[in-house]
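Here's the structure, in structure tokens; my notes come after.
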Amino acid sequence: MNSDRLLIIGIPALVAVLVHLFFVIVMEGGWTVAAPTVSAKPQVIQASLVSLSKADQTAAKPTSKPKPKPKPKPKPKPKPESVKALEPKPIPRPDPIIPEPVLADDNKTSTENQLARLQKELLDGLMDLPEAEGQALAKEVSEVQQVAALMQARITQNWRRPPSARNGMEVLLEISLVPTGDVVGISVSSSSGSIAFDRSAIAAVERVAQFSEVAVLPISDFERYFRRFPLRFKPEDLRY
Amino acid sequence: MTDELSVIELIMGASLTVKLVMATLLAASVASWFMIVQRVIILQRANAELLDFEDRFWSGMDLAQLYREGSTAIDEGFDITGGEALFRAGFKEFSKLSRQENMDADAMVEGSRRAMRVALMRESDRLEQHLPFLASVGSTSPYVGLFGTVWGIMHSFRGLATSSQATLAAVAPGISEALIATAMGLFAAIPAVLAYNRFAAKVDALLNRYESFVDEFSGLLQRQSYAQKRDQAQ
Chain C
177 MNSDRLLIIG
187 IPALVAVLVH
197 LFFVIVMEGG
207 WTVAAPTVSA
217 KPQVIQASLV
227 SLSKADQTAA
237 KPTSKPKPKP
247 KPKPKPKPKP
257 ESVKALEPKP
267 IPRPDPIIPE
277 PVLADDNKTS
287 TENQLARLQK
297 ELLDGLMDLP
307 EAEGQALAKE
317 VSEVQQVAAL
327 MQARITQNWR
337 RPPSARNGME
347 VLLEISLVPT
357 GDVVGISVSS
367 SSGSIAFDRS
377 AIAAVERVAQ
387 FSEVAVLPIS
397 DFERYFRRFP
407 LRFKPEDLRY
Chain W
9 MTDELSVIEL
19 IMGASLTVKL
29 VMATLLAASV
39 ASWFMIVQRV
49 IILQRANAEL
59 LDFEDRFWSG
69 MDLAQLYREG
79 STAIDEGFDI
89 TGGEALFRAG
99 FKEFSKLSRQ
109 ENMDADAMVE
119 GSRRAMRVAL
129 MRESDRLEQH
139 LPFLASVGST
149 SPYVGLFGTV
159 WGIMHSFRGL
169 ATSSQATLAA
179 VAPGISEALI
189 ATAMGLFAAI
199 PAVLAYNRFA
209 AKVDALLNRY
219 ESFVDEFSGL
229 LQRQSYAQKR
239 DQAQ
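So the sequences go chain by chain: C and W.
Just so you know, the first sequence maps onto residues 177 to 416 in the working numbering.
Just so you know, the second sequence maps onto residues 9 to 242 in the working numbering.
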């Protein structure tokens with residue numbers, strides 16, 4: 177009789193609690209599914225952001241030569257802030273390096289050379305990082321980061337900022353790739369408020385058209401990180 | 009900016025009234041699920057019990073023997089419910105009355121019938137227990153949820169009145185959080201209403217079968233009592 181009581185009260189109580197727990201988990205999970213994929217990518221992209229803004233300078237500099245000197249100074253300060261959260265190490269390195277190639281290459285204006293150097297620096301910096309942190313994901317992350325760094329460099333090269341660009345502007349694009357690296361979709365997921373600025377960011381991606389770098393990644397990593405990923409454009413180096 | 013608001017965060021950020029509403033609804037939902045599962049178990053058991061008892065009853069075994077078996081089961085600590093409880097109530101009353109001198113046959117049947125009615129009432133109480141709760145959760149919890157939502161939206165718009173520029177971002181979290189209350193109300197209400205309707209129909213069907221058993225059994229008793237009287241008269 178006692179066991180019967182237990183059955184009639186215990187089972188319903190258990191089921192009632194389980195039903196609600198399940199519902200809460202499904203709801204929480206359902207809502208956060210988008211968040212983890214996004215947060216994994218911003219790491220990659222944010223690193224590129226920092227360099228984006230710098231590289232952007234590099235792109236801007238060849239056209240406007242008088243500016244090169246004032247820029248190197250303001251840059252170091254804003255960059256650490258944006259980079260800090262993600263990877264303190266790789267960013268400081270590329271940053272000092274980038275201004276140099278820009279200045280040196282200014283004369284030659286051989287952007288190819290510049291790009292190659294930039295990529296190499298970023299690669300080295302990123303490859304050091306996982307070892308320093310020495311943890312589980314190291315290899316996969318380093319590969320993904322290498323690719324992200326290359327992509328970032330390419331986008332940076334192709335980005336022509338409009339004159340209306342200001343510090344603090346930020347546009348978040350959602351890029352869709354296919355495994356060959358072809359860009360199949362670009363959409364603005366969070367506008368900067370300036371249409372010209374948003375358009376410049378879209379144009380930069382369109383100009384790249386194909387990110388052949390992703391072809392080296394295993395398909396699972398591609399699906400996880402690059403099938404759809406957010407890309408942030410944020411100039412922080414401007415003086416106004 | 010890439011983080012979406014999680015539901016839990018939203019709930020934690022809600023005002024006290026909305027939180028209270030949500031807590032009430034959660035409690036109502038848990039309680040109604042508890043009762044739903046309990047009813048399912050109890051009704052299924054009652055159904056199986058009745059089928060089993062009817063099998064035994066119509067198998068042609070001696071009714072006194074059946075009664076004695078039930079008595080030993082009670083001694084062993086089992087609860088006798090359902091059809092067997094009706095049978096025991098009627099049979100006990102009948103044998104008590106038939107032991108009395110110059111008892112009218114009709115009165116004997118009437119007495120045992122009354123005893124079975126009482127047992128039937130008890131059974132129907134047992135089966136219908138908690139059903140009113142399900143009905144009221146089903147009918148009121150959407151309103152309670154709606155109250156929480158209206159209250160939450162009221163608050164978020166009031167906050168908007170004092171701020172100089174009206175942006176969607178200023179009210180959206182408040183509204184989103186308030187709407188959770190309505191969702192919870194519906195979440196509690198829908199299963200409760202479905203379960204109430206289903207259980208009410210099932211209980212009705214069971215009670216009908218009990219009643220027809222009572223009629224059949226009193227028919228048997230009537231035949232028995234007239235046969236007894238005739239024997240006594242001869």
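Where is the CB? At the ideal position from N, CA and C, for every residue including glycine.
For residue j and residue i, believed in contact at Cβ under 8 Å, the rounded distance
{"i": "residue 124(W)", "j": "residue 222(W)", "result": "5 Å"}
{"i": "residue 128(W)", "j": "residue 99(W)", "result": "No, residue 128(W) and residue 99(W) are not in contact; Cβ-Cβ is about 14 Å, not under 8 Å."}
{"i": "residue 386(C)", "j": "residue 360(C)", "result": "Not really, about 10 Å apart at Cβ, beyond 8 Å."}
{"i": "residue 188(W)", "j": "residue 19(W)", "result": "6 Å"}
{"i": "residue 51(W)", "j": "residue 207(W)", "result": "7 Å"}
{"i": "residue 460(C)", "j": "residue 38(W)", "result": "Lying before the first or after the last residue shown, residue 460(C) is absent from chain C, which here runs from 177 to 416."}
{"i": "residue 149(W)", "j": "residue 36(W)", "result": "6 Å"}
{"i": "residue 357(C)", "j": "residue 388(C)", "result": "5 Å"}
{"i": "residue 351(C)", "j": "residue 381(C)", "result": "6 Å"}
{"i": "residue 65(W)", "j": "residue 95(W)", "result": "7 Å"}
{"i": "residue 78(W)", "j": "residue 62(W)", "result": "Residue 78(W) to residue 62(W), Cβ: 14 Å. No contact."}
{"i": "residue 40(W)", "j": "residue 194(W)", "result": "Not really, about 13 Å apart at Cβ, beyond 8 Å."}
Distance cut-off 6 Å: residue i Cβ against heavy atoms of the ligand NAD
{"i": "residue 354(C)", "result": "As for the ligand NAD, it is missing from this structure, which has no ligand bound."}
Amino acids of chain W, ordered along the chain, whose beta-carbon sits closer than 7 Å to that of residue i
{"i": "residue 195(C)", "result": "41"}
{"i": "residue 191(C)", "result": "41 and 45"}
Chain-ordered chain W contacts of residue i [CB-CB under 8 Å]
{"i": "residue 184(C)", "result": "46, 49 and 50"}
Per-residue contacts from residue i into chain W (C-beta, under 9 Å)
{"i": "residue 188(C)", "result": "41, 42, 43, 44, 45, 46, 47, 48 and 49"}
DSSP-derived helix/strand/coil call for residue i
{"i": "residue 387(C)", "result": "coil"}
{"i": "residue 86(W)", "result": "coil"}
{"i": "residue 274(C)", "result": "In this prediction, residue 274(C) scores a pLDDT of 38, lower than 50, which makes its location untrustworthy; the coordinate-derived value is nonetheless stated afterwards. Coil."}
{"i": "residue 406(C)", "result": "strand"}
{"i": "residue 70(W)", "result": "coil"}
{"i": "residue 78(W)", "result": "helix"}
{"i": "residue 109(W)", "result": "coil"}
{"i": "residue 94(W)", "result": "helix"}
{"i": "residue 400(C)", "result": "helix"}
{"i": "residue 237(C)", "result": "Note on residue 237(C): pLDDT 42, under 50, position unreliable in the model; no value is reported."}
{"i": "residue 226(W)", "result": "helix"}
{"i": "residue 190(C)", "result": "helix"}
{"i": "residue 22(W)", "result": "coil"}
{"i": "residue 6(W)", "result": "Not covered by the structure: residue 6(W). The range shown for chain W is 9 to 242."}
{"i": "residue 205(C)", "result": "helix"}
{"i": "residue 368(C)", "result": "coil"}
{"i": "residue 393(C)", "result": "coil"}
{"i": "residue 232(W)", "result": "helix"}
{"i": "residue 52(W)", "result": "helix"}
{"i": "residue 242(W)", "result": "coil"}
{"i": "residue 237(W)", "result": "helix"}
{"i": "residue 267(C)", "result": "Confidence at residue 267(C) is low in this model, with a pLDDT of 39, below 50, so the placement of that residue should be treated as unreliable; the coordinate-derived value is given next. It is coil, neither helix nor strand."}
- Message: I'd like the ranges of any beta strand (DSSP E) spanning at least 3 consecutive residues and lying wholly in the stretch 319–366 of chain C.
- Response: 347–353 and 359–366
- Item | Within 9 Å of chain C by C-beta, residues of the stretch 27–49 of chain W in sequence order | 34, 37, 38, 39, 40, 41, 42, 43, 44, 45, 46, 47, 48 and 49
- Going along the stretch 313–333 of chain C in order, which residues come within less than 8 Å of chain W, judged by CB to CB distance? none
- Message: Give me the subset of the stretch 338–350 of chain C whose CB atoms are less than 9 Å from a CB atom of chain W, sorted by chain position.
- Response: 346 and 348
- Of all the beta strand (DSSP E) runs that stay within the bounds of the stretch 139–213 of chain W, which reach a length of 3 or more residues? none
- Against chain W: residues of the stretch 367–379 of chain C by CB proximity under 8 Å: Hits within the stretch: zero.
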